[in-house]
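Worksheet: the structure to be examined is printed underneath.
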Amino acid sequence: MDTGETQEIEDLIQRAIVPYSDRPDAEAVACLIDGLITQGQALHAQVTAIPGTRRTERTAAALAEWSYFVDAGPTGRGDHANWNHARALARILRNLHSTRAEQSSRTR
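Taking numbering that gives the first Met the number 0, the leading residue of the sequence shown gets 0, the next gets one more, and so forth.
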C-alpha cells in the first residue's frame with residue numbers, strides 16, 4: 000500500500016468520524032460514502048487475500064460487516080441515515096486498514 004493511498008484512506012476516515020455537529024452537507028456525505036466504498040472495496044480485496052490463519056476475529060468480523068453494510072446501504076432515509084452509514088463504513092474501513100498495515104509491517 001503506497002503512502003498516497005494510505006493518506007487518502009486516513010483522510011476519508013477522519014472526515015467521517017467527527018462529531019455530529021460537524022457533519023457535512025448531504026452532497027458531501029454522498030461523496031464521502033462513494034470514496035469510502037471505493038477505497039474500502041480495494042482494501043477489502045487485499046485483506047481477503049490474507050490467509051485466514053493470519054486473520055484475527057476482529058478482521059473476520061470487519062470483512063463480513065463491510066460486505067453487509069455495502070450491500071444493505073443506509074438503514075433509513077434522509078441525511079441522518081446517510082451520515083450514520085458513512086460513519087459505520089469508516090469504522091469498518093479503519094479496522095481493515097489497520098489489519099493491512101499490520102500485515103505489511105510483518106512482511107517487511
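Backbone N, C-alpha and C define an ideal beta-carbon position, used for all residues, glycine too.
Residue burial classification, Ala44 (beta-carbon count within 10 angstroms, cutoff 16)
Numbered from 1 along the sequence shown, position 45 holds the residue referred to as residue 44. That one is exposed.
Cβ contact check for the stretch 7-26 and the stretch 48-64: 3 or more pairs under 8 Å:
no
Which residues in the same chain as Thr74 place their Cβ atom closer than 7 Å to its Cβ, once the five residues preceding and following it in sequence are excluded?
Start at 1 with the first residue of the sequence shown, and residue 74 comes out as number 75. Closer than 7 Å at Cβ, skipping near neighbours: Ala80.
Anyone know if the C-beta pair for Ala63 and Ile12 falls short of 8 Å?
Position 64 of the sequence shown, counted from the first residue, corresponds to residue 63. Position 13 of the sequence shown, counted from the first residue, corresponds to residue 12. Against a cut-off of 8 Å, the Cβ pair of Ile12 and Ala63 comes out as no contact.
In or out: Gly39 buried (at least 16 other Cβ within 10 Å) or exposed?
Mapped onto the sequence shown, residue 39 falls at position 40. Flag for Gly39 reads buried.
Quick check: Ile36 and His84, are their CB atoms within less than 8 Å of each other?
Counted from its first residue, the sequence shown places residue 36 at position 37. Counted from its first residue, the sequence shown places residue 84 at position 85. Result no, Cβ atoms of Ile36 and His84 do not sit closer than 8 Å.
Using beta-carbon positions only, say whether Val46 and Thr2 come within less than 8 Å of one another.
Here residue 46 corresponds to residue number 47 of the sequence shown, with the count starting at 1. Here residue 2 corresponds to residue number 3 of the sequence shown, with the count starting at 1. The answer is no: Cβ separation not under 8 Å.
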